[in-house]
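To keep things clear, I will list the structure first and then write my remarks on it.
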Amino acid sequence: MIEKRQFYINGTWVDPVQPHDHKVIDPSTEEPCAVISLGSAADVDAAVAAASAAFPAWMRRDPAERIALVEKFLEIYKARQGEMAQAISTEMGAPIDMATASQWGAGYSHTKNFLTAAKTFQFIRPLGDHAPNDRIVYEGVGVCALITPWNWPMNQITLKVVAALIAGCTMVLKPSEESPLNALLFAEMMHEAGIPAGVFNLVNGDGPGVGTALSGHEDVAMVSFTGSTRAGIAISQNAAKTLKKVHLELGGKGANVIFADADDKAVKRGVLHMMNNSGQSCNAPSRMLVQREVYDAAVETAASVASAITVGSAHDTGRHIGPVVNESQFNKIQDLIQKGIDEGARLVAGGTGRPEGFNRGYFVRPTVFADANNQMTIAREEIFGPVLTMIPFDTEEEAIEIANDTPYGLTNYVQTRDAKRANRMALALRSGMVEMNGTSRGAGSPFGGMKASGNGREGGVWGLEDFMEVKAVSGWDAEMA
Numbered sequence: 001m002i003e004k005r006q007f008y009i010n011g012t013w014v015d016p017v018q019p020h021d022h023k024v025i026d027p028s029t030e031e032p033c034a035v036i037s038l039g040s041a042a043d044v045d046a047a048v049a050a051a052s053a054a055f056p057a058w059m060r061r062d063p064a065e066r067i068a069l070v071e072k073f074l075e076i077y078k079a080r081q082g083e084m085a086q087a088i089s090t091e092m093g094a095p096i097d098m099a100t101a102s103q104w105g106a107g108y109s110h111t112k113n114f115l116t117a118a119k120t121f122q123f124i125r126p127l128g129d130h131a132p133n134d135r136i137v138y139e140g141v142g143v144c145a146l147i148t149p150w151n152w153p154m155n156q157i158t159l160k161v162v163a164a165l166i167a168g169c170t171m172v173l174k175p176s177e178e179s180p181l182n183a184l185l186f187a188e189m190m191h192e193a194g195i196p197a198g199v200f201n202l203v204n205g206d207g208p209g210v211g212t213a214l215s216g217h218e219d220v221a222m223v224s225f226t227g228s229t230r231a232g233i234a235i236s237q238n239a240a241k242t243l244k245k246v247h248l249e250l251g252g253k254g255a256n257v258i259f260a261d262a263d264d265k266a267v268k269r270g271v272l273h274m275m276n277n278s279g280q281s282c283n284a285p286s287r288m289l290v291q292r293e294v295y296d297a298a299v300e301t302a303a304s305v306a307s308a309i310t311v312g313s314a315h316d317t318g319r320h321i322g323p324v325v326n327e328s329q330f331n332k333i334q335d336l337i338q339k340g341i342d343e344g345a346r347l348v349a350g351g352t353g354r355p356e357g358f359n360r361g362y363f364v365r366p367t368v369f370a371d372a373n374n375q376m377t378i379a380r381e382e383i384f385g386p387v388l389t390m391i392p393f394d395t396e397e398e399a400i401e402i403a404n405d406t407p408y409g410l411t412n413y414v415q416t417r418d419a420k421r422a423n424r425m426a427l428a429l430r431s432g433m434v435e436m437n438g439t440s441r442g443a444g445s446p447f448g449g450m451k452a453s454g455n456g457r458e459g460g461v462w463g464l465e466d467f468m469e470v471k472a473v474s475g476w477d478a479e480m481a
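Residue 1 is where the sequence shown starts when you use full-length UniProt numbering, and the numbers rise one by one after that.
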């Protein structure tokens, strides 16, 4: 069993002040795979003090030097791909091939995209020709508390850490206690890349302990959190006492609107997207809205596609989905599947219990409900498992009404060959992102939502700006700059 009981503070590995062991569970086997220590308020104080001391020099450092250090990190990250993928696969259940490509790859591509954005970013820029001696200065917001979840760990860690580094911030990272091993590897890479002492710090812990201490700390200038809406509300309330900047990436209940003229692969594409990462993605298209004239055929296709999805151990190679992350998630998903049955939705694939052949591990059957309505629990709540809810609609107006009738507003999807309708839908849907006809967002596109899905944007130039303050300067002497 792996033992990782130290934290990374002020450029070195240190023992926690008050050690409290926590077992990390392999969701494929339900057996412990590692032991870490959870931190206390004293550990948070030490990490924040180190970040506070390092901030002035790091913020003043030439952005080109900060960028060069991130480039060095990227080389190390690439060289240690196998280690990172193995850690993610073991601790949160992503199948090893998916962990190697997509889970590791998300961190790699986000870092590359930040570097591209940073190299043309004007940290000091003119206000305009009308004010030749005015400048707008972008500078790091200060010490940042970065709190990340377990479902796409390198995706979320790089979106926060790399952006904060380039922006000129210092930071304390609290990864999820469910998947801490990848973050500890990440800290090793930060150290190897030569990130100065105190700029990047890591303290393991849970939300009520380290998370609360960080979000309420008087010397933390900003909290960037990815996780549940419930936790995001609690963090916002705690942070409000010290008027921190708060960035939230929260839950979702995305609608995938499939019109009668959608391409032949639209339904299959939507089901596979929903089931990816065992449904543990905030931007998953979990509500499939289908125009009534093609609804019956779509239900048949969705049931067939879901029934053909293979479920297997995260340690096995191949194209399959793995377990969900832990027993709590497994039980929540089982309860919601049963709720769908009890409320009258028609179960056409999957259902409660483990897939055939499994009596251990947190494996969930890929599940599809048809004939649901938007007031059912399975259409309202974020399930965070491989469960798809199908709802029929008649008109474009009705589809918009159903899609927007949700507390969430992260990602919606549109499938139609009518370009004018696609554009109308994109403008009418209330979400931070809209993806149409299977086209993914481009490199550097901002990720984020509205309503109960949070605020702020991550990725590319918007991700850099989120970690900066804007300073207006008049009387700038361009000749002396």
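Using N, Cα and C, we set each Cβ at its ideal position, and we do this for glycine too.
Sequence-distant residues of the same chain with beta carbon closer than 6 angstroms to Glu192, five excluded per side: Ile76
On the premise that Ser89 lies in contact with Ala314, defined as a C-beta separation below 8 angstroms, what is that separation, rounded to the nearest angstrom? 5 angstroms
Between Asp21 and Ala472, what straight-line distance do the alpha-carbon atoms span, to the nearest angstrom? For Asp21 and Ala472, the distance between alpha carbons rounds to 48 angstroms.
State the Cα-Cα distance for the pair residue 497 and Asp477, rounded to the nearest angstrom. Past the edges of the chain, shown from 1 to 481, lies residue 497, and the structure says nothing about it.
Tell me the rounded alpha-carbon separation between Ser176 and Arg5. Their Cα atoms are separated by approximately 15 angstroms.
Can the beta-carbon of Met59 be found closer than 8 angstroms to that of Gly168? yes
Segments assigned alpha helix (DSSP H), at least 4 residues, entirely inside the segment 167 to 243: Within the segment 167 to 243, the complete alpha helix (DSSP H) runs of at least 4 residues are 181 to 193, 212 to 215 and 229 to 239.
C-alpha distance - Gly194 paired with Asp26, whole-angstrom precision: 32 angstroms
Along the alpha helix (DSSP H) that carries Arg269, what are the first and last residues, could you check? Ala266 to Met275
On the three-pair Cβ rule with 8 angstroms, is the segment 233 to 247 touching the segment 54 to 74? no
Under 8 angstroms Cβ to Cβ from Arg292, same chain only, skipping five residues before and after it: list those, please. Pro392, Phe393 and Asp394
I'd like the span of the beta strand (DSSP E) that includes Val364, first residue to last. Counting along the chain, Val364 falls outside any beta strand (DSSP E), and DSSP gives it neither H nor E.
Classify Val388 as helix, strand or coil using the three-state DSSP reduction. In the sequence as displayed, the identity of residue 388 is Leu instead of Val. It is a strand residue.
How should Asn151 be labelled, buried or exposed, when 16 other C-beta atoms within 10 angstroms of its C-beta is the threshold for buried? Buried.
Quick check on DSSP: helix, strand or coil for Asp335? Of the three classes helix, strand and coil, the one that applies to Asp335 here is helix, per DSSP.
Please name the residue in Ala260, Ala106, Lys244 and Lys253 whose C-alpha comes closest to that of Glu469. Lys244
Please specify which runs of the alpha helix (DSSP H), each continuous and at least 4 residues long, are wholly inside the segment 418 to 443, giving them in chain order. Here the runs fully enclosed are 419 to 428.
Spatial neighbours of Lys23 within its chain, please: C-beta separation below 7 angstroms, excluding the five flanking residues on both sides. Pro32 and Val35
Please confirm whether Pro285 and Tyr413 have their CB atoms less than 8 angstroms apart. yes
So, at 8 angstroms on beta carbons, what are the nonlocal neighbours of Ala452 in its own chain, with the 5 sequence-adjacent residues on each side left out? Thr229, Leu250, Gly251, Pro407, Tyr408 and Gly409
Which of the three DSSP states, helix, strand or coil, is assigned to Gln291? DSSP, read as helix, strand or coil, puts Gln291 in strand.
Does DSSP classify Leu38 as helix, strand or coil? coil
Provide the residue span of the alpha helix (DSSP H) that contains Asp466, from first to last. Asp466: member of the alpha helix (DSSP H) spanning Gly460 to Asp466, first to last residue.
On a CA-only basis, which of Thr242, Thr226 and Val299 is nearest Asn455? Give me that one, please. That would be Thr226, whose Cα lies nearest to the Cα of Asn455.
How many angstroms separate the CA atom of Ala79 from the CA atom of Ile2? Going from the Cα of Ala79 to the Cα of Ile2 covers about 22 angstroms.
From residue 556 to Leu127, what does the alpha carbon distance come to, in whole angstroms? No statement about residue 556 is possible, as the shown extent of the chain runs from 1 to 481 and does not include it.
Do you know offhand how far Gln156's Cα is from Ala221's? C-alpha separation (whole angstroms): 20 angstroms.
Taking C-beta to C-beta, are Ala50 and Asn10 nearer than 8 angstroms? yes
Can Val299 and Gln415 be called in contact, C-beta distance under 8 angstroms? no
How many angstroms separate the CA atom of His273 from the CA atom of Ala297? Between His273 and Ala297, the C-alpha separation is close to 19 angstroms.
Going by the CB atoms, is the gap between Leu248 and Ala232 shorter than 8 angstroms? Strictly speaking, residue 232 in this sequence is Gly, with Ala absent from that position. Cβ atoms of Gly232 and Leu248: closer than 8 angstroms.
Any chance you could list the alpha helix (DSSP H) runs of at least 4 consecutive residues sitting entirely within the segment 304 to 348, in chain order? 327 to 342
Identify, in the order they occur along the chain, each residue of the same chain with its Cβ nearer than 6 angstroms to the Cβ of Gly205, setting aside the five sequence neighbours on each side. Hits under 6 angstroms: Leu38, Gly39 and Lys174.
On the CB-based measure, 16 or more other CB atoms within 10 Å of its CB, does Gly442 come out buried or exposed? Counting of Cβ neighbours within 10 angstroms places Gly442 among the exposed residues, the total staying below 16.
Just the C-alpha distance for Ala262 and Lys420, rounded to the nearest angstrom, thanks. 14 angstroms
Taking Asn374 as the reference, give the member of Pro180, Leu464, Arg360 and Ala403 with the closest Cα. Among Pro180, Leu464, Arg360 and Ala403, the Cα nearest to that of Asn374 is on Ala403.
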